[in-house]
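In what follows, a single structure is set out as structure tokens and then discussed.
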Amino acid sequence: MLAARHAIVESLPATCQVCAAWPTQPVCEACIQRFAPPQSRCRACAAVLPGEPGLCSACLTRPDAAAVQQCVAAVDYAYPWDGLIARFKFRSEPGWAQPFAQRLLQEPQTLQLLQTRPLVVPIPLTAARLGERGYNQAWELVKALHARCRRHPPAPPFDTLATALVRLGETPDQHSLGREARLRNLRGAFAVHPSHTHRLVGRHVLLVDDVTTTGATLQTAAQAVLHAGANRVSALVFARTPASR
Ligand SMILES: [Zn+2]
Ligand SMILES: [Zn+2]
Numbered sequence: 019m020l021a022a023r024h025a026i027v028e029s030l031p032a033t034c035q036v037c038a039a040w041p042t043q044p045v046c047e048a049c050i051q052r053f054a055p056p057q058s059r060c061r062a063c064a065a066v067l068p069g070e071p072g073l074c075s076a077c078l079t080r081p082d083a084a085a086v087q088q089c090v091a092a093v094d095y096a097y098p099w100d101g102l103i104a105r106f107k108f109r110s111e112p113g114w115a116q117p118f119a120q121r122l123l124q125e126p127q128t129l130q131l132l133q134t135r136p137l138v139v140p141i142p143l144t145a146a147r148l149g150e151r152g153y154n155q156a157w158e159l160v161k162a163l164h165a166r167c168r169r170h171p172p173a174p175p176f177d178t179l180a181t182a183l184v185r186l187g188e189t190p191d192q193h194s195l196g197r198e199a200r201l202r203n204l205r206g207a208f209a210v211h212p213s214h215t216h217r218l219v220g221r222h223v224l225l226v227d228d229v230t231t232t233g234a235t236l237q238t239a240a241q242a243v244l245h246a247g248a249n250r251v252s253a254l255v256f257a258r259t260p261a262s263r
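Numbering of the sequence shown is given in the working numbering, commencing with residue 19 and proceeding in unit increments.
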């Protein structure tokens, strides 16, 4: 059943899944321009900024140094992307990684990060969640980015490591917690796989995830990566929850 659904999504619909225009990509150019316009975002947390790119007030005033130096997001986690991401994650439609990767690569900062030849690492699911879902959507995004960069330079090829990070156990539902509680809840929730530690030493590691809300998950994963010897951590996420939510 899963394989059949994957096959359907690999030849993603020729109708825009937002406005029903036909024939077109899964999300048509008009919808991308309308719902995913280029925006100035905070360099550290990818929150939308009213003016020039820089740091948002929250990042400017954070007391502790952020483990993630730079975070790039393509869209806000809002209509229509929230619904499409739900299909990507929860309805066995991993093929959405293709248009999401395409949109991410339209961000100049994505190409700038990839030009540094980082080691690209997906945020892992717990083993139980991976077993239920059958795929890690963050790894699907990494694979789609990698395939697109190989087919369509200018981004150079980059190394990937699907199992660099291990997610330890279940944590309570993140959505019901505030930022501080999330950080407490997640502390220690990631570990670098011992057999991969040597590959991270001295590297620029680029973490990839589908959605970031407060950035707490990325920060905790980045701390584990830095602890293992990486010299810099950045992040690439498809969608960023708007700061007001
Ligand atoms: Zn459309
Ligand atoms: Zn920020």
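C-beta atoms are modelled at their ideal positions from N, C-alpha and C, and glycine is treated no differently.
All values derive from a computational prediction rather than experimental measurement.
A straight-line Cα-Cα distance of about 30 Å links histidine 164 and cysteine 77. Unbroken alpha helix (DSSP H) runs of no fewer than 4 residues, entirely contained in the stretch 100-143, are found at 115-123, 126-133, following chain order.
CA-to-CA, the gap between glycine 220 and alanine 248 works out to about 5 Å.
When DSSP states are grouped into helix, strand and coil, alanine 242 belongs to the helix group. The stretch 114-134 and the stretch 79-87 do not touch, with fewer than 3 CB-CB distances between them shorter than 8 Å.
Distance from the CA of tyrosine 97 to the CA of arginine 185, rounded to the nearest whole angstrom, comes to 29 Å.
Selection around ligand 2 by beta-carbon proximity, strictly under 6 Å to any non-hydrogen atom, yields Cys60, Ala62, Cys63, Ala65, Leu73, Cys74, Ala76, Cys77 in chain order.
Inclusion of glutamine 35 and proline 44 in the CB contact set at 8 Å is warranted, their separation being smaller than that value.
For phenylalanine 53, the enclosing alpha helix (DSSP H) has its first and last residue at 47-53.
Between the alpha carbons of arginine 169 and leucine 131 lies a distance of about 18 Å. Cβ neighbours of proline 41 within its own chain (closer than 8 Å, five residues either side excluded): Ala32, Thr33. If you compare the alpha carbons of Asp177, Val223, Thr230, Phe118 with that of alanine 54, the shortest gap goes to Phe118. With respect to the C-alpha of alanine 65, the residue from Gly101, Ala39, Tyr95, Ala180 having the closest C-alpha is Tyr95.
When DSSP assignments are scanned along the stretch 213-237, the uninterrupted stretches of alpha helix (DSSP H) that are 4 or more residues long and fall wholly within it turn out to be 215-218. Cβ-Cβ separation between histidine 222 and serine 252: approximately 7 Å, consistent with a contact (criterion under 8 Å).
Nearest Cα to leucine 244 within the set Ala257, Leu143, Leu218, Ala92: Leu218.
With 16 or more other Cβ atoms from the protein chains shown falling within 10 Å of its own Cβ, alanine 162 counts as buried. Cysteine 37 carries a coil assignment under DSSP once its states are collapsed to helix, strand and coil. Put simply, the backbone Cα of cysteine 63 is about 7 Å away from that of glycine 233. Under the 10 Å beta carbon count, aspartate 228 is surrounded by 16 or more other beta carbons and is classified as buried.
Ranked by Cα distance from histidine 211, the options Pro136, Cys49, Ala182 are led by Ala182. Between alanine 240 and leucine 225, the CB-CB gap stays under 8 Å.
Here arginine 258 is near alanine 91, since their CB atoms are less than 8 Å apart. By alpha-carbon distance to arginine 135, the top candidate from Ala261, Arg109, Arg250, Phe256 is Arg250.
Rounded to the nearest angstrom, the gap between the Cα atoms of histidine 216 and alanine 246 is 8 Å. The three-state secondary structure of valine 86, taken from DSSP, is coil.
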